[in-house]
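**Student:** The structure follows.
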Amino acid sequence: MSKAHFDRVTGYLERAKTEGVRVATGGGVLDGPGYFVARTVLVDVPEGAEVAREEIFGPVIRFETFADEEEAVRRGNDVPLGLSASVWTENARRSHDIAARLDFGTVWVNSHLVLAGEVPWGGFKGSGYGRDLSIYVLDDYSRTKHLMHNHGR
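See the structure below:
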């Protein structure tokens with residue numbers, strides 16, 4: 281992690297505390313050379329908090345609970361970005377229903393940040409452009425042209 285990105289991630293964590301977010305674990309920096317942030321789990325994240333609306337791109341995850349599925353989907357989708365989300369439940373049918381309603385490029389069920397090279401990776405809304413990984417990435421670097429030639433003569 282660069283110094284600039286380290287400052288960005290630790291800045292998110294400091295501002296989160298002023299918004300009432302509680303750090304369940306981590307939240308600090310690791311000793312030693314370089315710029316390392318401890319793995320961090322955030323809880324009690326208020327609606328509209330910066331860490332709920334931004335992509336941090338650091339070892340930081342927020343854990344939220346909801347009264348019902350409708351609240352979970354509403355709060356999940358009420359962000360300007362849509363790279364990825366996780367749904368944790370014992371009910372596979374419910375998880376698929378929730379995942380279908382979430383406006384994110386990737387939705388994991390009972391896991392987080394598992395990537396496979398054969399599946400597309402990319403976000404919705406203001407989160408990136410196009411897809412990485414898999415054969416779908418070729419679409420971003422290609423221009424399709426149709427050439428029709430009459431061989432009758």
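Here the working numbering is used: the first residue of the sequence shown is 281, the next is one more, and so on.
Glycine included, every Cβ here is placed at the ideal spot set by N, Cα and C.
Quick check on this structure: which residue in P400, R333, R381 has the alpha carbon closest to the alpha carbon of E299?
**Tutor:** Working through the sequence shown from its first residue, we reach residue 299 at position 19. Closest by alpha carbon: R333.
**Student:** Assuming V417 is part of the alpha helix (DSSP H), what are its boundary residues?
**Tutor:** As a working mapping, residue 417 is identified with position 137 in the sequence shown. Here the alpha helix (DSSP H) through V417 covers 417 to 420.
**Student:** I'd like the list of long-range same chain contacts for T305, defined as Cβ closer than 6 Å, with 5 residues on each side in sequence excluded.
**Tutor:** Within the sequence shown, numbered from 1, the residue matching residue 305 stands at position 25. V321, listed in sequence order.
**Student:** Does I336 come out as helix, strand or coil in the three-state DSSP assignment?
**Tutor:** In the sequence shown, counting from the first residue as 1, residue 336 sits at position 56. I336: coil per DSSP, three-state reduction.
**Student:** Report the three-state DSSP secondary structure of G307 (helix, strand or coil).
**Tutor:** By 1-based counting over the sequence shown, the position of residue 307 is 27. In this structure, G307 counts as coil in the three-state DSSP scheme.
**Student:** Please specify which runs of the beta strand (DSSP E), each continuous and at least 3 residues long, are wholly inside the region 328 to 382, giving them in chain order.
**Tutor:** Entirely contained in the region 328 to 382, the beta strand (DSSP E) runs reaching 3 residues are, in chain order, 340 to 342, 364 to 367.
**Student:** With burial defined as no fewer than 16 other Cβ atoms inside 10 Å of the residue's Cβ, what is the status of Y292: buried or exposed?
**Tutor:** Numbered from 1 along the sequence shown, position 12 holds the residue referred to as residue 292. Y292 comes out buried.
**Student:** To which residues of the same chain is G402 closer than 7 Å at the C-beta, ignoring the five residues directly before and after it?
**Tutor:** To locate residue 402, count along the sequence shown from 1; it is residue 122. Closer than 7 Å at Cβ, skipping near neighbours: G385, G408, G410, R411, D412.
**Student:** Just checking my contact of R342 with V331 at CB under 8 Å: how many whole Å lie between their CB atoms?
**Tutor:** Working through the sequence shown from its first residue, we reach residue 342 at position 62. Working through the sequence shown from its first residue, we reach residue 331 at position 51. Indeed they touch by this definition, with Cβ atoms about 6 Å apart.
**Student:** Using the DSSP secondary-structure output, state which residues sit across from D412 in a beta bridge.
**Tutor:** Reading the sequence shown from its first residue, position 132 is the one you call residue 412. Paired residue(s): W401.
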